Amino acid sequence: MAIREIIKPDNPTLRKKAHKVTDFGKDFQTLVDDMVETMLDAPGVGLAAPQVAMTKRLIVVRLPDDEESQQEYGTQAGVLYAVANPEIIKASKEMVEGVEACLSIPGYFGRVDRHESVVVKGLDRHGKPLRVKAKGWLARVFQHEIDHLDGRLYIDIASEVWDARRDEEDESAESVPEAKLSE
Ligand code: NI
134 MAIREIIKPD
144 NPTLRKKAHK
154 VTDFGKDFQT
164 LVDDMVETML
174 DAPGVGLAAP
184 QVAMTKRLIV
194 VRLPDDEESQ
204 QEYGTQAGVL
214 YAVANPEIIK
224 ASKEMVEGVE
234 ACLSIPGYFG
244 RVDRHESVVV
254 KGLDRHGKPL
264 RVKAKGWLAR
274 VFQHEIDHLD
284 GRLYIDIASE
294 VWDARRDEED
304 ESAESVPEAK
314 LSE
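The sequence shown lines up with residues 134 to 316 when you count with my numbering.
Put into structure tokens, the structure is as follows:
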């Protein structure tokens with residue numbers, strides 16, 4: 134396993150539409166392992182293959198598994214999701230506003246509206262069909278990562294984007310715990 138470089142918006146690959154995964158062989162397995170390692174090292178709660186300069190439809194997601202997260206996200210806290218060719222097949226009408234950050238855009242936060250819950254269909258790392266029902270923060274992370282596969286960044290749809298240094302002087306930042314980890 135290896136930690137890969139996370140590219141920034143100055144690299145045009147981040148804006149490309151990623152291709153479907155069709156080969157689940159050795160190189161793909163290495164990519165999954167490397168993306169997991171890169172996400173955990175960052176640390177972040179999600180990573181999409183274009184962020185490591187691979188134009189493949191692959192995302193990895195993992196919410197923290199500390200006690201607080203377990204209370205809030207139950208059995209989904211700490212679960213590692215690796216999903217190839219993910220598609221949102223159901224989305225709640227209800228939208229929720231929340232704060233996001235992105236490992237490709239360090240030092241910034243943004244306020245983004247997302248569906249409160251989604252159902253994601255895709256393939257696991259071995260090419261077997263998989264379905265994930267996600268609510269709240271997990272649903273937000275899936276939406277953020279799937280956007281990456283079409284070259285879309287949260288800053289494209291955010292109602293507000295700000296420099297993280299602003300929050301260091303602002304105690305109200307404590308009210309946005311999601312912002313502690315990037316996607
Ligand atoms: Ni991101």
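Just so it is clear, CB atoms sit at the ideal spot from N, CA and C, and this is done for glycine as well.
Just so it is clear, the structure is predicted and the values come from calculations on it, not from any experiment.
*Mark His281 as exposed unless 16 or more other C-beta atoms lie within 10 angstroms of its C-beta, in which case mark it buried.*
As a first step, residue 281 is located in the sequence shown; it is residue number 148 there, counting from the start. That one is buried.
_Is Leu236 a contact residue of the ligand NI, with contact defined as CB to any heavy atom under 7 Å?_
For the purposes of this step, residue 236 is taken as residue 103 along the sequence shown, with counting starting at 1. Yes, the beta carbon of Leu236 sits closer than 7 Å to at least one heavy atom of the ligand NI.
*asked:* If I follow the unbroken beta strand (DSSP E) through Ser250, where does it start and stop?
replied: In the sequence shown, the residue the question calls residue 250 occupies position 117. Here the beta strand (DSSP E) through Ser250 covers 250–256.
*Any C-beta of chain B sitting closer than 8 Å to the C-beta of Tyr287?*
Note that chain B does not occur in the displayed structure, where there is just one protein chain.
_With a threshold of 7 Å on Cβ separation, who are the neighbours of Cys235 within its own chain once the five nearest residues in sequence on each side are excluded?_
Numbered from its first residue, the sequence shown carries residue 235 at position 102. Spatial neighbours of Cys235 in its own chain (CB-CB distance under 7 Å, excluding positions within 5 residues in sequence) are listed in chain order as Leu286, Tyr287, Ser315, Glu316.
*Report buried or exposed for Leu213, applying the criterion of at least 16 other Cβ atoms within 10 angstroms of its Cβ.*
For the purposes of this step, residue 213 is taken as residue 80 along the sequence shown, with counting starting at 1. Leu213 should be labelled exposed.
*Completely contained beta strand (DSSP E) runs for the region 145–197, where each covers 3 or more residues*: Unbroken beta strand (DSSP E) runs of no fewer than 3 residues, entirely contained in the region 145–197, are found at 179–181, 191–195, following chain order.
*Span of the beta strand (DSSP E) holding Arg133?*
The structure shown does not extend to residue 133, since the chain is modelled only from 134 through 316, so no value can be given for it.
*By the 10 Å Cβ neighbour count, where 16 or more other Cβ atoms means buried, how is Glu227 classified, buried or exposed?*
Taking the first residue of the sequence shown as position 1, residue 227 is located at position 94. Exposed, by the Cβ-count rule.
*Does the Cβ-Cβ distance between His152 and Thr208 come in under 8 Å?*
Position 19 of the sequence shown, counting from 1, holds the residue named residue 152. Position 75 of the sequence shown, counting from 1, holds the residue named residue 208. The beta carbons of His152 and Thr208 sit no closer together than 8 Å.
*Tell me the start and end of each unbroken beta strand (DSSP E) in the region 195–244 that is at least 3 residues and wholly inside, in chain order.*
Within the region 195–244, complete beta strand (DSSP E) segments of at least 3 residues are found at 213–224, 228–233, given in chain order.
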